[in-house]
Each structure stands twice: as C-alpha cells, then as structure tokens.
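Undergrad:
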Amino acid sequence: MYARIVGTGSYLPEKILTNAELATRVDTSDEWIASRTGIRARHVAADDEKTSDMALHAVTRALEAGGVALEEVDLLIVATTTPDNIFPSTACLLQEKLGVHGFPAFDVQAVCAGFIYALATANAMIQSGIARCAVVVGAEKLTNLINWDDRATCVLFGDGAGAVVLRASEEPGILATQLHADGRYSNILKAEGRVKQGAIDGNPYIYMEGNAVFKFAVRALADVAEKTLAAAGLQQSDVDWLVPHQANLRIIESTAKHLHLPMEQVIVTVDRHGNTSAASIPLALDAGVKDGRIKPGQTLLLEGIGGGFAWGSVLVKF
Ligand code: UT7
34 MYARIVGTGS
44 YLPEKILTNA
54 ELATRVDTSD
64 EWIASRTGIR
74 ARHVAADDEK
84 TSDMALHAVT
94 RALEAGGVAL
104 EEVDLLIVAT
114 TTPDNIFPST
124 ACLLQEKLGV
134 HGFPAFDVQA
144 VCAGFIYALA
154 TANAMIQSGI
164 ARCAVVVGAE
174 KLTNLINWDD
184 RATCVLFGDG
194 AGAVVLRASE
204 EPGILATQLH
214 ADGRYSNILK
224 AEGRVKQGAI
234 DGNPYIYMEG
244 NAVFKFAVRA
254 LADVAEKTLA
264 AAGLQQSDVD
274 WLVPHQANLR
284 IIESTAKHLH
294 LPMEQVIVTV
304 DRHGNTSAAS
314 IPLALDAGVK
324 DGRIKPGQTL
334 LLEGIGGGFA
344 WGSVLVKF
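Quick note, the sequence shown lines up with residues 34 to 351 if you use the numbering used here.
(1) Touching or not, the segment 107-121 and the segment 135-149, by the rule of three or more beta carbon pairs under 8 angstroms?
(2) Which class does ASP361 belong to by DSSP, given the choice of helix, strand or coil?
(3) In terms of residue numbering, what span does the beta strand (DSSP E) encompassing THR51 cover?
(4) For LEU262, count the other beta carbons within 10 Å of its own beta carbon; 16 or more makes it buried, fewer makes it exposed. Which is it?
(5) Identify the residues that DSSP records as bridge partners of GLU173: which are they?
(6) Assign ASN308 to one of three DSSP states: helix, strand, or coil.
(7) Just to confirm, are LEU254 and MET241 a CB contact at a threshold of 8 angstroms?
(8) With DSSP as the reference, identify every bridge partner of GLN211, one or two as the case may be.
(9) Name the DSSP beta bridge partners of CYS353, please?
(10) Between which two residues does the alpha helix (DSSP H) harbouring ALA98 extend?
(11) By Cβ distance, which residues of its chain are closer than 7 angstroms to ARG58, with the 5 residues on each side in sequence left out?
(12) Taking Cβ to Cβ, would you say GLY339 is nearer than 8 angstroms to THR210?
(13) Tell me whether VAL299 sits in a helix, a strand or coil according to DSSP, three-state version.
(14) Can you give the beta carbon distance from SER85 to GLU173, rounded, assuming they're within the 8 angstroms contact cut?
(15) So, does the segment 300-314 touch the segment 163-179, judging by three or more C-beta pairs under 8 angstroms?
(16) Bridge partners for VAL111 per DSSP, in chain order?
(17) Can the beta-carbon of ASN281 be found closer than 8 angstroms to that of THR70?
(18) Taking THR115 and LEU178 to be in contact with their CB atoms under 8 angstroms, please state how far apart those CB atoms are, rounded to whole angstroms.
(19) Considering only C-alpha positions, which residue in the set ALA143, ILE207, PRO237 is nearest to GLY330?
(20) Of all the alpha helix (DSSP H) runs that stay within the bounds of the segment 231-305, which reach a length of 4 or more residues?
(21) Buried or exposed: LYS260, going by 16 or more other Cβ atoms within 10 Å of its Cβ?
(22) Does LEU152 pass the burial test, meaning 16 or more other C-beta atoms within 10 Å, or should it be called exposed?
(23) So is the beta-carbon of GLY235 under 7 angstroms away from any non-hydrogen atom of the ligand UT7?
(24) For GLU336, which of helix, strand or coil comes out of DSSP?
(25) Indicate whether at least one CB of chain B lies closer than 8 angstroms to the CB of SER161.
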C-alpha cells in the first residue's frame with residue numbers, strides 16, 4: 034500500500050514586505066538580501082491571523098484540488114514551530130475550524146524539516162493501515178519570533194501555509210523517506226525562550242549562526258538526497274523535480290548541483306516568501322503543481338533541514 038498525494042494547496046497572507054521596505058528599518062539593502070539569499074519579499078500575517086487560520090486556507094484549497102470530501106479525512110498532521118497556543122495542538126484547533134471531529138490530529142515540531150517529518154509520519158500511518166486519507170499541513174507565523182532590529186535574521190523569514198492530501202493507493206506514491214536529527218547542533222539555530230510562571234524566560238527571538246547553518250545544510254541535504262534515492266533504488270537522473278526547503282537560493286543551487294540537476298528542474302519560490310520554515314516545501318510544491326510544471330507520474334525529491342538539527346527527504350511519484 035502506498036500513500037499518494039492527490040491534492041495540494043497553499044496560502045500566503047495579504048501583506049507583502051519587500052526588501053526595500055526592510056532597508057528603511059535596518060542597515061541592509063535589496064542588493065545584499067537578494068544576492069546572499071535570493072529573497073525579494075516575504076508575507077506577514079495580520080495581527081489577529083493565527084497559524085491555524087493560514088492552515089485552514091491551505092487545507093481547504095488542497096481538499097478542493099484533490100476532489101476530496103472533508104468526511105473522508107481520517108488523519109490530520111500539522112507541522113509548525115509557531116503554534117496558536119501552548120496547547121491544545123494547532124492540529125486540534127484546525128480540526129475544529131474545519132468542522133470535523135473524532136479522527137487523530139496532532140502537531141509535529143521539527144522546525145524547517147517539519148513538513149518532511151509530518152509527511153513521512155502520515156506515509157507510515159497509511160502504509161500500516163492506520164489511516165486511509167491524511168491531510169498534512171506546514172503552517173507558520175514566524176514573524177512572531179522575529180526581532181525586527183536584527184538584520185541578520187529579520188530579512189530571512191516570513192509567514193504562510195501549504196498542505197497536501199494523501200490517499201491510500203495500490204499505485205506508487207511516496208517511494209522512500211529519510212529522517213535524521215543531531216541535537217549536538219541545537220545551539221546554532223534556536224529560539225530558546227520558554228514560558229515560565231506567566232513570563233518569557235530567555236530569548237524568544239530566532240537566533241542563527243548563519244554561516245555554520247549554511248555549511249551544515251549544504252552537506253546534510255546532499256547526503257540525505259543520495260540516501261533517499263538509494264533507498265528507492267533510483268538514480269539522480271530519475272528525478273524530474275527537486276522541491277527543496279526554501280531558505281536560501283545558494284543552498285538550493287548547491288543541492289541541485291550535487292544532484293546534477295539543472296536549475297530548470299528545481300522549484301524555487303524563496304524569492305516570493307522567504308523562509309517560511311515548515312510551510313516552505315508545500316508552498317513550493319503547490320506553486321509547481323498549479324503552474325503546470327509538476328505533472329502526474331513525475332518523480333519529485335522533497336527535502337528540508339532546520340533547527341535541531343533535524344533534516345530529511347521524501348521521494349514522491351506524483
Ligand atoms: O531554514 C534552515 C535554516 N536557515 C538557513 O538555511 C540559512 C542559512 N544561512 C544563510 O542563509 C546565510 O548564512 C545568511 C544569508 C544568513 C548570511 O549570509 P552569509 O553569506 O553567510 O553572510 P555572513 O553571515 O557571513 O555575513 C557577511 C556580512 C557580515 O558583515 P562583516 O562581518 O563581513 O562586516 C554581516 O554582518 O554581512 C553582514 N550582514 C548583513 N549585511 C546587510 C548580515 N546580515 C546582513 C543584512 N544586510 N541583512
């Protein structure tokens with residue numbers, strides 16, 4: 034039994050913040066941001082717009098695209114690092130917003146690898162017969178964790194959501210998954226603040242040693258891509274599309290080069306929405322599907338990495 038992606042959907046908040054606007058707040062420039070990261074703009078959720086609200090839009094669109102009725106869904110996984118509340122999970126809040134009840138709903142927290150972790154989990158639950166129709170969402174309101182005075186991080190991140198609907202099928206769907214983590218690197222990318230007795234204890238903003246993260250990401254993503262292809266018995270030349278985590282265009286280019294894939298076979302959306310953490314891979318996937326580049330029957334390599342460190346990859350027959 035395979036898990037097949039039958040629908041994709043995504044959502045970006047209305048408000049767009051350009052590099053030029055950011056340059057009026059901190060000592061940066063459109064030229065620096067675009068040349069070092071590939072980012073030109075990011076979306077910022079409204080004050081009262083929560084992670085579950087953005088997820089709701091993405092899920093509704095994915096169900097519609099897949100022609101799947103809400104009543105068929107029997108599993109909901111939300112990948113997020115910016116949940117609505119401490120608890121209940123954003124997945125439970127989203128289930129209520131969808132107006133359906135009873136089936137398992139839970140959050141996965143693996144930061145920028147969250148969608149990959151959630152997709153691999155849904156795949157395992159479908160393969161084992163626990164679920165037959167799963168919704169997997171990556172949704173983030175990362176701007177809640179941004180220090181707008183820190184030019185090293187505030188130019189990089191944005192808000193958004195992306196979703197896929199998976200169905201159990203005898204036709205090939207997800208071909209292989211690989212998940213990895215290494216807590217020894219937890220200090221180079223973190224938001225370590227915690228709620229304690231009604232107050233925030235520690236720094237609640239994103240802290241990143243950009244260069245160290247960059248080097249780790251390039252190495253780990255090349256490695257995991259190779260392992261995932263090997264697990265499915267496929268070659269680099271079998272991949273039609275690389276759908277990578279959208280953090281930095283230079284990291285994406287490096288992964289593509291390692292796979293001997295021309296950039297024409299890579300879905301890039303980082304220019305439009307910056308790093309949206311768990312939302313970035315499904316946002317890119319939906320963009321490629323909606324503009325007609327990604328077609329049924331093609332082989333897609335999805336991969337992501339982020340704080341933890343946590344990283345992984347999913348190989349999909351679309
Ligand atoms: O989602 C997964 C995790 N995230 C990532 O994958 C991100 C990984 N890292 C990166 O994308 C890159 O390391 C950055 C884009 C964050 C930084 O690029 P870099 O080429 O590694 O630059 P750097 O950190 O080495 O900084 C170079 C210079 C520094 O100035 P000095 O020391 O050379 O005088 C920084 O202070 O650029 C300066 N700088 C800036 N200048 C203008 C840092 N941020 C900015 C800025 N505007 N926004």
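Think of the CB as a built atom: it goes at the ideal place given N, C-alpha and C, for glycine as much as any other residue.
TA: Judging by the given coordinates:
(1) By the Cβ test, the segment 107-121 is in contact with the segment 135-149, since at least three Cβ pairs between them sit closer than 8 angstroms.
(2) The chain is shown from 34 up to 351; residue 361 falls before or after that span and cannot be answered.
(3) Locating residue 51 in the sequence shown gives position 18, counting from the first residue. Note, THR51: beta strand (DSSP E), 48-51.
(4) Start at 1 with the first residue of the sequence shown, and residue 262 comes out as number 229. Buried.
(5) Within the sequence shown, residue 173 is the residue found at index 140, counting from 1. According to DSSP, GLU173 bridges with GLY193.
(6) In the sequence shown, residue 308 corresponds to position 275, counting from 1. The answer is strand: DSSP assigns ASN308 an E or B state.
(7) As a working mapping, residue 254 is identified with position 221 in the sequence shown. As a working mapping, residue 241 is identified with position 208 in the sequence shown. No; because the gap between Cβ atoms is not below 8 angstroms, this pair is not in contact.
(8) Mapped onto the sequence shown, residue 211 falls at position 178. The partner list for GLN211 (beta bridge, DSSP) reads SER346.
(9) Since the first residue shown for the chain is 34 and the last is 351, residue 353 is missing from the structure and cannot be characterised.
(10) As a working mapping, residue 98 is identified with position 65 in the sequence shown. For ALA98, the uninterrupted alpha helix (DSSP H) segment begins and ends at 84-99.
(11) By one-based count along the sequence shown, residue 58 stands at place 25. TRP181.
(12) Taking the first residue of the sequence shown as 1, we reach residue 339 at position 306. Taking the first residue of the sequence shown as 1, we reach residue 210 at position 177. Contact flag unset, no.
(13) Along the sequence shown, read from residue 1 onward, the residue named residue 299 stands at position 266. It is a strand residue.
(14) Taking the first residue of the sequence shown as position 1, residue 85 is located at position 52. Taking the first residue of the sequence shown as position 1, residue 173 is located at position 140. Not quite, the Cβ-Cβ distance comes to about 11 angstroms (not below 8 angstroms), so this is no contact.
(15) yes
(16) For this step, residue 111 is matched to residue 78 along the sequence shown. Its beta-bridge partners are ASP140, VAL170.
(17) Within the sequence shown, numbered from 1, the residue matching residue 281 stands at position 248. Within the sequence shown, numbered from 1, the residue matching residue 70 stands at position 37. Yes.
(18) In the sequence shown, residue 115 corresponds to position 82, counting from 1. In the sequence shown, residue 178 corresponds to position 145, counting from 1. 7 angstroms between Cβ atoms; contact.
(19) Along the sequence shown, read from residue 1 onward, the residue named residue 330 stands at position 297. The shortest C-alpha separation from GLY330 is found at ILE207.
(20) 243-265, 282-291
(21) The residue given as residue 260 occupies position 227 in the sequence shown. Classification of LYS260: exposed, given that the 10 Å Cβ count is below 16.
(22) Locating residue 152 in the sequence shown gives position 119, where the first residue counts as 1. By the neighbour-count rule (16 or more Cβ atoms within 10 Å), LEU152 is buried.
(23) Stepping through the sequence shown from its first residue, residue 235 is reached at position 202. Incorrect: GLY235 has no Cβ contact closer than 7 angstroms to the ligand UT7.
(24) Translated into positions along the sequence shown, residue 336 becomes position 303. GLU336: strand per DSSP, three-state reduction.
(25) Absent from the structure is chain B; it holds one protein chain and no more.
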